[in-house]
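Chemist:
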Amino acid sequence: MTTTLVPLSTSDGHGGDYLLLPPAGGLLGTLGPLAAASDADVWGVEYPGHGERLAETPAASVEELAARLADETTTEWFSRAVVIGFGMGAFVAMETARRLDAAPGALVVVDACAPQRRSPGKNAKAGASAMGRVFGRTGLTPVAGYRDSPESWEYALDLLLGDLQLLNAYRGPARTRLACPIAAIRGTDDPAFASGDDATGGWRMWTSGPFVGRVVPGGHLGVLETGREGEFWARIRRLEAAFLGVEPEVA
1 MTTTLVPLST SDGHGGDYLL LPPAGGLLGT LGPLAAASDA DVWGVEYPGH GERLAETPAA
61 SVEELAARLA DETTTEWFSR AVVIGFGMGA FVAMETARRL DAAPGALVVV DACAPQRRSP
121 GKNAKAGASA MGRVFGRTGL TPVAGYRDSP ESWEYALDLL LGDLQLLNAY RGPARTRLAC
181 PIAAIRGTDD PAFASGDDAT GGWRMWTSGP FVGRVVPGGH LGVLETGREG EFWARIRRLE
241 AAFLGVEPEV A
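All letters in the sequence shown, in the order written, are residues 1 to 251 by full-length UniProt numbering.
1. Tell me whether Thr176 is buried or exposed, calling it buried when 16 or more other Cβ atoms sit within 10 Å of its Cβ.
2. For the pair the region 36–43 and the region 57–72, tell me if three or more CB-CB distances fall below 8 Å.
3. I need the straight-line Cα distance from Asp163 to Trp233, nearest angstrom please.
4. Looking at the secondary structure, which residues open and close the alpha helix (DSSP H) in which Trp77 lies?
5. What does the Cβ neighbour count give for Leu244, buried or exposed, with the cut at 16 atoms within 10 Å?
6. Spatial neighbours of Asp190 within its chain, please: C-beta separation below 7 Å, excluding the five flanking residues on both sides.
7. Buried or exposed, going by whether 16 or more other CB atoms sit within 10 Å of the CB of Ala36?
8. Is it buried or exposed, Trp174, if we count other Cβ atoms within 10 angstroms and call 16 or more buried?
9. Reducing DSSP to helix, strand and coil, say where Ala152 ends up.
10. Could you pull the start and end residues of the beta strand (DSSP E) that Asp41 belongs to?
11. Considering just the uninterrupted stretch of the alpha helix (DSSP H) at Arg68, what are its terminal residues?
12. Give the single residue among Leu31, Arg118, Leu19 whose Cα lies nearest to the Cα of Ser79.
13. To the nearest whole angstrom, what separates the beta carbons of Gly187 and Val216, a pair I think is in contact under 8 Å?
14. Measuring only the C-alpha atoms, how far is Ile185 from Met205?
15. Which residues does DSSP pair with Phe211 in a beta bridge?
16. Just tell me which of Phe211, Leu8, Pro22 has its CA closest to the CA of Leu224.
17. Check for me: the alpha helix (DSSP H) holding Gly32 runs from which residue to which?
18. Could you name the residues of the same chain whose beta carbon sits closer than 6 Å to that of Thr10, not counting the 5 residues immediately before and after it, in chain order?
19. What is the rounded straight-line gap between the Cα of Thr57 and the Cα of Gly230?
20. Thinking C-beta only, is Ala106 closer than 7 Å to Cys180?
21. Inspect the beta-carbon positions of Gly213 and Thr200 and report whether they are closer than 7 Å.
22. Is Thr49 near Leu28, with beta carbons less than 7 Å apart?
23. Thinking C-beta only, is Ala183 closer than 7 Å to Val92?
24. Quick one, are the C-beta atoms of Arg117 and Gly32 less than 7 Å apart?
25. Going by Cα to Cα distance, which pick from Gly25, Cys113, Leu8 is closest to Glu154?
26. Per DSSP, what kind of secondary structure is Asp17 in: helix, strand or coil?
27. From what residue to what residue does the alpha helix (DSSP H) around residue 261 run?
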């Protein structure tokens, strides 16, 4: 059986480790170019039933995804890693911390509504055609490469719809704050957030440590677009510097 944690990039530097958790419908392979641009030790997670783990039975819940990840890592490693959760990956990170009874070194959530702002069941009745229209509107990066192949497009839609079922059933984490810095990033044109919604600031209540919110150009998961890898890591390192010496802020 393929393991959950996969090394994506290694470096001779002495910096900390990064852990990337894919969004709903996301494949680990789509995060490869991002990891390669990091000049750091980067790990990722391939969810069962996705990508290289296609033959495995998909997880039945977000909690199960987190339990599998917690079984393959250690509290010591997790507590010093910077965990970056894209969409659904943010909730996998929260649940993993709960199971390890340890916060990561820092948590970065990208285009994920704060738990108390979620609307479970919102897309419960969405079918493939409806989600196809969502893709067309947002340019969802994990499936961008599948548009030219009907078979691949159907595969990508099936993955997304399956993961959305997990999100619709997920009631959210226990209301226990993490003792680590949290940074929340979202795109200015992400249709998942209502106009004017303080979607990044909603994450502030989930940490007892520093908090930083950022709204960046682009749509849903636009930070994963090809060519923006260097920009992404520069932003991550600015956030890490802010955690070390700047008062919590929202911008």
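The C-beta atom is built at its ideal place from N, Cα and C for all residues, glycine as well.
No experiment lies behind these values; they were computed from the predicted model shown.
Modeler: So, to answer that:
1. Exposed, because fewer than 16 other Cβ atoms sit within 10 Å of the Cβ of Thr176.
2. Contact check between the region 36–43 and the region 57–72: fewer than three CB pairs, one atom from each, fall below 8 Å, which does not count as touching.
3. Within the model, the alpha-carbon separation for Asp163 versus Trp233 is close to 27 Å.
4. Run containing Trp77: 75–78, per the alpha helix (DSSP H) assignment.
5. Exposed, since its Cβ has fewer than 16 Cβ neighbours within 10 Å.
6. Asp111, Gly219, His220, listed in sequence order.
7. Of the other Cβ atoms in all chains shown, fewer than 16 fall within 10 Å of the Cβ of Ala36; this residue is therefore exposed.
8. Note that residue 174 is Ala in the sequence shown, not Trp. With fewer than 16 Cβ atoms within 10 Å of its Cβ, Ala174 is classed as exposed.
9. Going by the sequence as given, residue 152 is Ser instead of Ala. If DSSP states are grouped into helix, strand and coil, Ser152 belongs with the helices.
10. Unbroken beta strand (DSSP E) run through Asp41: 41–45.
11. Its alpha helix (DSSP H) spans residues 62–72.
12. Nearest to Ser79 by C-alpha distance, out of Leu31, Arg118, Leu19, is Leu19.
13. Confirmed, Cβ separation roughly 6 Å.
14. Whole-angstrom Cα-Cα distance: 15 Å.
15. According to DSSP, which records beta bridges pairwise, Phe211 is partnered with Ile182.
16. Here the closest residue by C-alpha is Pro22.
17. For Gly32, the enclosing alpha helix (DSSP H) covers residues 32–36.
18. Closer than 6 Å at Cβ, skipping near neighbours: Asp41.
19. CA-to-CA, the gap between Thr57 and Gly230 works out to about 35 Å.
20. Contact flag set, yes.
21. Result yes, Cβ atoms of Gly213 and Thr200 sit closer than 7 Å.
22. Just to set this straight, residue 49 is Gly in the shown sequence, not Thr. Pairing Gly49 with Leu28 gives a Cβ-Cβ distance that is not under 7 Å.
23. Contact flag unset, no.
24. No, these two residues do not count as a Cβ contact at 7 Å.
25. Answer by Cα proximity: Gly25.
26. Of the three classes helix, strand and coil, the one that applies to Asp17 here is strand, per DSSP.
27. Residue 261 cannot be examined here, being either before or after the span of the chain that is shown, 1 to 251.
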